[in-house]
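Peer 1: One structure follows; several queries about it will come next.
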Amino acid sequence: MDRIIIRGGKRLEGRIPISGAKNAALTLLPCALLTDEPLTLRNLPRLADVDSFGHLLNQLGVSTTVEGAKPDEFGRVMTLRASNIASTTAPYDIVRKMRASILVLGPLVARTGEATVSLPGGCAIGTRPVDLHLRALEALGAEIEIAAGYVKAKAPPGGLRGGTISFPFVSVGATENALMAAVLANGTTVIENAAREPEITDLAECLIAMGAQIDGLRTDTLTIEGQPRLHGATYAVMADRIEAGSYACAAIITGGSLDLIGARKDTMPSILSGLADAGGIVEDVPNGVRVRADGGIRPLSISTAPYPAFPTDMQAQFMAMLTLAEGTSLLTETIFENRYMHVPELARMGADIEVRGRAAVVRGVDKLLGAPVMATDLRASMSLVLAGLAAEGETQVGRVYHLDRGYERLEEKLQAVGADIERASDG
Ligand code: EPZ
């Protein structure tokens, strides 16, 4: 397994290109199943999860070709074509490694009338059930059976029927599955209490480019007029707001200034307001946003919640930044039940954090000290990198395969702005 070695204390300054969004890419890829025509996705990030999803789609009979992937280029162009569906089964050995595989469920049932998808099981940050995904398909007439760890879904004769899907609470993935199922259903579907994350809007805009009829974008109520078929399209993946927010924290925690090229401010309202509240300066630059430190870090009180509130995917990164704040911060994680695994690792570096149920009290300290630490999940691993960038001495972050799931060429991007960071293989 690889590890990242960081010698901290360097002020970061310069430009970081922001890649296509992992969480948009993982819901755009399965759209290829909804048509027999080619879907070309541009600005696709070079990430482990994207590759895994491509392999799953290949197993289902989707051809994938990658163009113009020069080694020094960020992002790729992938053309996918599901001329016909060779299999409607997403096997356990793939799904267990990448939970987002559950997102083939809706499109497979919409296109072929059936799907057999392994239950993804939990992960480090929580049990991650998929009950809302299943209820959404049932609302469109699908029959759902769970047997031997697999979900078997079957559309009624004639295909899925439009209906009303009312979510009891916001779920990004369930909204995505519902949307991809509804676009080919017979009749009108209304999704109530839909997630409003920018990645949902990206999905809807891609589906519209493919001929879908969807109203209510950016609201919590989506209305879909089902179509008999969709056609191919070319669509560019949106910039990754969480990657951009993560590097913005790097600017603040190192007392530096970073231009996040390609970042879209309109998708990051609560991240940028949080950075400003922490004492950062946020400015527009051509094709992006500049975030720079301006004196000490101010403490914050933040609760994670569905968009447009503060995203759970930024909680660990902000916590790393706030370990050096001039005062005590309070972070409350309301989305996932176990998303504080970065806390004991940050404590090894001298952070003063006390977890009380869903809340974490972060008392600012004067400095962090480099140490060997272990990544446990994607965003936790980024919080350890951020702490290492600010710490005195050397930090070694183990199990960086977690990082590779969500951050394209992280060392390269950070080296280019002055970080003393490298990757070492454990053989
Ligand atoms: C997506 O996960 C993201 N992943 C997550 O990002 C992100 O943290 C999450 O949305 C919240 O924004 C992708 O887009 C691939 P949810 P998802 O359904 O869809 C519960 C990262 O770091 N729930 O909105 O799985 C669930 O347990 C990853 O990039 C049910 O109870 O999240 C959680 O407590 C981590 N039943 C809450 O809802 C369901 O059927 C929100 O989950 C579905 C979800």
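No gaps in the numbering here: position 380 of the sequence shown is 654 in this note's numbering, and each next residue is one more.
No residue lacks a Cβ here, since even glycine has one placed at the ideal position from N, Cα and C.
1. Can we count F348 as close to the ligand EPZ, meaning its CB is less than 6 Å from some heavy atom?
2. Can you tell me which of the three DSSP states F441 falls into?
3. Residues in its own chain within less than 7 Å of V629 by CB, not counting five upstream and five downstream?
4. Kindly give me the distance between the Cβ atoms of L658 and A649, rounded to whole angstroms, as I take these residues to be in contact under 8 Å.
5. Do you know offhand how far G624's Cα is from Q591's?
6. How many Å lie between R673 and A513 at the Cα?
7. Taking buried to mean at least 16 other C-beta atoms within 10 Å of its own C-beta, is E682 buried or exposed?
8. Does the structure place the stretch 327-338 close enough to the stretch 498-510 that three or more beta carbon pairs sit under 8 Å?
9. According to the neighbour-count rule (16 or more other Cβ atoms, all chains shown, within 10 Å of its Cβ), is Q487 buried or exposed?
10. So, does the stretch 461-473 touch the stretch 433-453, judging by three or more C-beta pairs under 8 Å?
11. Hey, K539 and I290: beta-carbon distance below 7 Å or not?
12. Among the residues of its own chain, which have a CB less than 6 Å from the CB of P304, if the five just before and after it don't count?
13. Could you tell me which uninterrupted beta strand (DSSP E) segments, each at least 3 residues in length, are contained entirely in the stretch 410-465, listed from first to last along the chain?
14. Between A448 and A410, is the Cβ-Cβ spacing less than 7 Å?
15. So, for V559: in the same chain, excluding its five sequence neighbours on each side, which residues have a beta-carbon less than 6 Å away from its beta-carbon?
16. If you count every other CB in all the chains shown that lies within 10 Å of the CB of P472, and 16 or more means buried, which is it?
17. Compare the beta carbon distance of I526 and A478 with 7 Å and say whether it is the shorter of the two.
18. Just how far apart, CA to CA, sit G662 and G283?
19. Between which two residues does the beta strand (DSSP E) holding G672 run?
20. Considering only residues of the stretch 301-344, which uninterrupted alpha helix (DSSP H) runs meet the minimum length of 4 residues and lie entirely inside it, listed in chain order?
21. The ligand EPZ and V383: does any heavy atom of the ligand fall closer than 6 Å to the residue's C-beta?
22. Which residues in the same chain have their Cβ closer than 7 Å to the Cβ of Q689, if we skip the five residues on either side of it in sequence?
23. Any heavy atom of the ligand EPZ closer than 6 Å to the beta-carbon of A394?
24. Would P431 be called buried (16 or more neighbouring beta carbons within 10 Å of its own) or exposed?
25. Measuring alpha carbon to alpha carbon, tell me which of I627, A599, E517, V635 ends up nearest D587.
26. Tell me whether E686 sits in a helix, a strand or coil according to DSSP, three-state version.
27. What does the Cβ neighbour count give for I280, buried or exposed, with the cut at 16 atoms within 10 Å?
28. Would you kindly check if the distance between the Cβ of V457 and the Cβ of L434 is under 7 Å?
29. Cutting at 7 Å between CB atoms, please list the residues of its own chain near L408, excluding the five before and the five after it.
30. Whole-angstrom Cβ separation of L574 and T597, contact assumed at under 8 Å?
31. Tell me the residue span of the beta strand (DSSP E) that contains V563.
32. Roughly how far, in whole angstroms, is the beta-carbon of A364 from the beta-carbon of S337, given that I think they are within contact range, below 8 Å?
33. Buried or exposed: which applies to S547, given that a residue is buried once 16 or more other Cβ atoms fall within 10 Å of its Cβ?
34. Since Y681 is in the alpha helix (DSSP H), which residue starts that stretch and which ends it?
Peer 2: Walking through what the data contain:
1. no
2. coil
3. Y614, V617
4. 6 Å
5. 16 Å
6. 26 Å
7. buried
8. no
9. exposed
10. yes
11. no
12. L377, V378, P381
13. 417-421, 424-428, 438-440
14. yes
15. D533
16. buried
17. no
18. 8 Å
19. 668-672
20. 322-333
21. no
22. I695
23. Here residue 394 turns out to be Pro, not Ala, going by the sequence shown. Incorrect: P394 has no Cβ contact closer than 6 Å to the ligand EPZ.
24. exposed
25. E517
26. helix
27. buried
28. no
29. I418, V425
30. 12 Å between Cβ atoms; not a contact.
31. 562-566
32. That pair is no contact at about 17 Å.
33. exposed
34. Run containing Y681: none; DSSP gives neither H nor E here.
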